[in-house]
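Enquirer: According to our numbering, the stretch in the sequence shown is residues 39 to 329, in order.
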Amino acid sequence: LVSPAARKLAAELGVDYRSIKGTGGRGRIERADVLAAADVMKRGPLEIVAASSAPLSAVTPTTDRIVPMTGVRARIAERMSQSAQSTARVTLIAEADATQLVGWREQLRRDFPQQAGAIGYNELFVVIAANALRAFPYMNATLRENGIHLLNEINVAVAVDTERGLLAPVIRQADQKSAIQIHQEFARLAELTRSGRIGPDDLSGSTFTITNLGMYEIDTFTPLINLPELAILGVGQVAARPVAVDDRVVVQKRVALSLSFDHRLVDGAPAARFLQRIKHLVEAPYALIPG
Numbered sequence: 039l040v041s042p043a044a045r046k047l048a049a050e051l052g053v054d055y056r057s058i059k060g061t062g063g064r065g066r067i068e069r070a071d072v073l074a075a076a077d078v079m080k081r082g083p084l085e086i087v088a089a090s091s092a093p094l095s096a097v098t099p100t101t102d103r104i105v106p107m108t109g110v111r112a113r114i115a116e117r118m119s120q121s122a123q124s125t126a127r128v129t130l131i132a133e134a135d136a137t138q139l140v141g142w143r144e145q146l147r148r149d150f151p152q153q154a155g156a157i158g159y160n161e162l163f164v165v166i167a168a169n170a171l172r173a174f175p176y177m178n179a180t181l182r183e184n185g186i187h188l189l190n191e192i193n194v195a196v197a198v199d200t201e202r203g204l205l206a207p208v209i210r211q212a213d214q215k216s217a218i219q220i221h222q223e224f225a226r227l228a229e230l231t232r233s234g235r236i237g238p239d240d241l242s243g244s245t246f247t248i249t250n251l252g253m254y255e256i257d258t259f260t261p262l263i264n265l266p267e268l269a270i271l272g273v274g275q276v277a278a279r280p281v282a283v284d285d286r287v288v289v290q291k292r293v294a295l296s297l298s299f300d301h302r303l304v305d306g307a308p309a310a311r312f313l314q315r316i317k318h319l320v321e322a323p324y325a326l327i328p329g
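1) Would you please verify whether the beta carbon of Glu183 is less than 9 Å from any beta carbon of chain C?
2) So Phe246 and Asn190 are in contact, right, with Cβ under 8 Å, and what is the actual spacing, rounded?
3) Between Phe224 and Ile209, what straight-line distance do the alpha-carbon atoms span, to the nearest angstrom?
4) State buried or exposed for Thr260, treating a residue as buried only when at least 16 other CB atoms are found within 10 Å of its CB.
5) At 3 residues or longer, and completely inside the stretch 154–200: list those beta strand (DSSP E) runs for me, N to C.
6) Answer yes if the stretch 100–114 comes into contact with the stretch 270–280, meaning at least three C-beta pairs across the two stretches below 8 Å, and no otherwise.
7) Here's the rule I'm using: 16 or more other beta-carbon atoms within 10 Å means buried, otherwise exposed. How should Glu144 be labelled?
8) Per the contact definition of three or more C-beta pairs closer than 8 Å, is the stretch 230–237 in contact with the stretch 159–179?
9) Which whole runs of the alpha helix (DSSP H) in the stretch 192–250 are 4 residues long or more, in chain order?
10) Nearest-angstrom Cα distance between Asn184 and Asn250?
11) Compare the beta carbon distance of Ala310 and Leu130 with 9 Å and say whether it is the shorter of the two.
12) Pairs of beta-carbons, one from the stretch 62–73 and one from the stretch 41–49, closer than 8 Å: are there three or more?
13) I think Glu255 touches Asp135, with their Cβ atoms under 8 Å apart; what is that distance to the nearest whole Å?
14) Is DSSP giving Ile263 helix, strand or coil here?
15) Is there contact between the stretch 195–212 and the stretch 106–115, where contact requires at least three CB pairs shorter than 8 Å?
16) When DSSP labels each residue in this structure, what does Phe312 get in the three-state scheme?
17) If you reduce the DSSP assignment to three classes, tell me which class Val87 lands in.
18) Taking DSSP as the reference, what is the three-state secondary structure of Ser119?
19) For Ala49, report the span of its beta strand (DSSP E) as first-last.
20) Name the DSSP bridge partner or partners of Gly272?
21) So Arg315 and Phe174 are supposed to be a Cβ contact under 8 Å. How far apart are they, rounded?
22) Under three-state DSSP, which class holds Pro106?
23) Less than 9 Å between the C-beta atoms of Pro266 and Thr180, yes or no?
24) Taking the C-alpha atoms as reference points, what is the distance between Leu146 and Gln219?
25) Is Leu26 helix, strand or coil by DSSP?
26) Give every residue of the same chain whose Cβ lies closer than 6 Å to the Cβ of Lys317, excluding the five residues on either side of it in the sequence, and list them in chain order.
27) Can you tell me which of the three DSSP states Arg279 falls into?
28) Checking 9 Å against the spacing of the C-beta atoms, do Arg182 and His301 come in under that value?
Structure (C-alpha cells):
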C-alpha cells in the first residue's frame, strides 16, 4: 500500500517506492518513508571502517547531558509511578465506525462557524464520555479509605501536550454542557495550559480523563489511570480503513478506543459495557447526543 502523496513524492525524487518498507498502518508507505529512502540514496553506501586497535581506556569518553527531574516533569513521574504501582490496571480496546462522528464535527463547524469553527475531536469525545458516565455512574468513581465513592459531578480532564510536560485541564460538569460550550471552554483551558498560565484549580477535581494520540498517527495504546480516578479513555487516529459490511468490503472512517480501568473497583464486564456505550455514541451521535 502506498499513499497518493508518497507515490507522487517518489516520482519527483526518483525513488522506487516498491523497494520501501512502509511504516504506516498495515505497512502503508507514507511521505516520511519516501523521504528517508531518498536520504539514504543521497548518502550512498556506508563506508566500512576497521575497528580501532586502541585499548578501551584510550577512547575519549563522551559527556552525557543531565536533565534534572524538577517541576512538572517530577510531578508527572511521581504520579505515573504511583498509578502503575497502586492500581490493577486493565485495558480494553474497541474500534468504532467514526463516519457520523466526522459528519457531526463538520456540521458543527459549518452551522456555527463563529462558535465552533475550530472544534476538534477532543471536545466531541468529552461530550460522548460525559454521556456514557451519566449512564454508567459506577465508572465515575474513586477509591477512598472507607470504600468506593460514586461521584455526583462529571468533570472530564483532557490531556494537553506542553513544553513543560503533559497537563490535563478539567471541564467541569461536562454532562451539562453542549458540544459548543465544551469547545469554548476547552479552547480557553488549552490556551492557558500551553502558555503556562493555567492555575491549580483548573488542573484538579477531574473524575475521568481523555488522552488523544490520534494526531500522531497512533491507533491503540495503554494509558495510565489519572489517580484518583477509576478510568481513562485513550483515543486513536480517525482514519479510513477497509472493513467488511454485509459481506462487502467498504472503506469507513474508523477510530480505536482504549479504555484503561482499575480492576479493583470495577469488573471487566461492566467496564466493557461502558466502552460499548462509548462506541455506540461514536457511531450514532445524532441519535444519542443533542447538538
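By construction, the Cβ of each residue, glycine as well, lies at the ideal position given by its N, Cα and C atoms. Owing to the predicted nature of the structure, the values given are computational and were not obtained by experimental measurement.
Expert: Quick look at the numbers:
1) Annotation note: the requested chain C is absent from the structure, which comprises a single protein chain.
2) About 13 Å; that fails the 8 Å criterion.
3) 7 Å
4) So Thr260 ends up on the exposed side.
5) 179–182, 185–188, 194–196, 198–200
6) no
7) exposed
8) no
9) 217–232
10) Pairing Asn184 with Asn250, the inter-Cα distance amounts to about 33 Å.
11) yes
12) In this structure the stretch 62–73 lies against the stretch 41–49, because at least three pairs of beta carbons, one per stretch, are closer than 8 Å.
13) The Cβ separation is near 19 Å, so there is no contact.
14) coil
15) yes
16) helix
17) For Val87, the predicted model reports a pLDDT of 48, less than 50, meaning its position is unreliable; a value from the coordinates is still stated below. Of the three classes helix, strand and coil, the one that applies to Val87 here is coil, per DSSP.
18) helix
19) Careful: Ala49 lies outside any beta strand (DSSP E), inside the alpha helix (DSSP H) at 42–51.
20) Within the DSSP bridge table, the entry for Gly272 names Thr249, Ser296 as partners.
21) 6 Å
22) DSSP places Pro106 in the coil class of the three-state scheme, outside both helix and strand.
23) Yes, Cβ-Cβ distance for Pro266 and Thr180 is below 9 Å.
24) When the Cα atoms are used, Leu146 and Gln219 turn out to be separated by approximately 12 Å.
25) Any property of residue 26 remains undetermined from this structure, which presents the chain solely from 39 to 329.
26) Ala132, Ala134
27) strand
28) no
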